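Just so it is clear: in the sequence shown, position 17 is 17 by full-length UniProt numbering, and no numbers are missing.
A short write-up of the structure that comes next.
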Amino acid sequence: MTGDPPPHPAESFDEVFDAYFAEIHRYAAKRLGPDAAADVAAQAFLEAFRQRHRYDPERAGVRTWLYGIATKVLGRHQRTETRALRARARLGPGRGAEEHTERVDARVSAEGLRGELAGAIAALPRGQRDVLLLVALADLSHNEVAAALGISYGTVGSRLNRARTTLRKALGGTNPMLTLEEQHG
Numbered sequence: 001m002t003g004d005p006p007p008h009p010a011e012s013f014d015e016v017f018d019a020y021f022a023e024i025h026r027y028a029a030k031r032l033g034p035d036a037a038a039d040v041a042a043q044a045f046l047e048a049f050r051q052r053h054r055y056d057p058e059r060a061g062v063r064t065w066l067y068g069i070a071t072k073v074l075g076r077h078q079r080t081e082t083r084a085l086r087a088r089a090r091l092g093p094g095r096g097a098e099e100h101t102e103r104v105d106a107r108v109s110a111e112g113l114r115g116e117l118a119g120a121i122a123a124l125p126r127g128q129r130d131v132l133l134l135v136a137l138a139d140l141s142h143n144e145v146a147a148a149l150g151i152s153y154g155t156v157g158s159r160l161n162r163a164r165t166t167l168r169k170a171l172g173g174t175n176p177m178l179t180l181e182e183q184h185g
């Protein structure tokens, strides 16, 4: 973006779409895979367009508001996400010949998660999974997650802590973000 303030959705929705569609699409692809991402992103923007006059800049920025809508749309696709994560759990680790940035992205995406991590994420309660993935995949702050989901800042922290604790236990105390070399020196 240019550093200008984000457009207000009620005034210029085409600018909002142009500014944020690719980002919301990437988030949906990381959660559900590329096949469902276009549908989820399109549905999120359709709902945002329909609700554009209800947008409150005092509550959240446009980006955060859109992530909240996208997360609700993703929630309706929860079965698809859970099936994708469980399938990834059965498949095990992904390909090893990707570029560094693609590998980093893939580590936290539904397309590239290690099997155990995908299964553990699929087993999380929806609220914990939404918070975890908004932080990990969308890089939202705790305040932005709270605004996007309509929950308190403290709830974000506790859900994220519970999710991380559950994942750590499911993975035998290992940090899924570290490579095997980093974990074993």
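Built from N, CA and C at the ideal position, the CB exists for glycine as well.
Only a predicted model underlies this, so the values are computations on that prediction, with no experimental measurement involved.
- Judged by their CB atoms, residue 147 and residue 64 are nearer to each other than the 7 angstroms cut-off.
- Pairing residue 48 with residue 21, the inter-Cα distance amounts to about 11 angstroms.
- Taking residue 162 as the centre and dropping the five residues before and after it, the same chain places the C-beta of 128 closer than 7 angstroms to its C-beta, in chain order.
- For residue 61, the secondary structure class from DSSP, reduced to helix, strand or coil, is coil.
- For a cut-off of 8 angstroms, the C-beta gap from residue 46 to residue 117 is around 32 angstroms, too long to register as a contact.
- In this structure residue 9 touches residue 55 by the C-beta definition: roughly 5 angstroms separates them, less than 8 angstroms.
- With respect to residue 122, residue 166 sits apart: the two C-beta atoms are not nearer than 7 angstroms.
- Closest in alpha carbon position to residue 143, among 41, 58, 73, 88, is 58.
- Of the other Cβ atoms in all chains shown, fewer than 16 fall within 10 Å of the Cβ of residue 169; this residue is therefore exposed.
- Judged by DSSP secondary structure, residue 55 falls outside any alpha helix (DSSP H); it is assigned neither H nor E.
- The alpha-carbon of residue 140 is positioned some 15 angstroms away from that of residue 155.
- Note on residue 53: under 16 other CB atoms within 10 angstroms of its CB, so exposed under the neighbour-count rule.
- In summary, residue 27 is buried, with 16 or more beta-carbon neighbours lying within 10 Å of its beta-carbon over all protein chains present.
- Its Cα nearest to that of residue 13, the residue 62 stands out among 84, 62, 31.
- Residue 35 is classed as exposed because its beta carbon has fewer than 16 other beta carbons within 10 Å across all chains shown.
- Shortest Cα-Cα distance from residue 77 to any of 164, 135, 44, 115 involves 44.
- For residue 33 against residue 84, the beta-carbon gap comes to about 6 angstroms, under 8 angstroms, which counts as contact.
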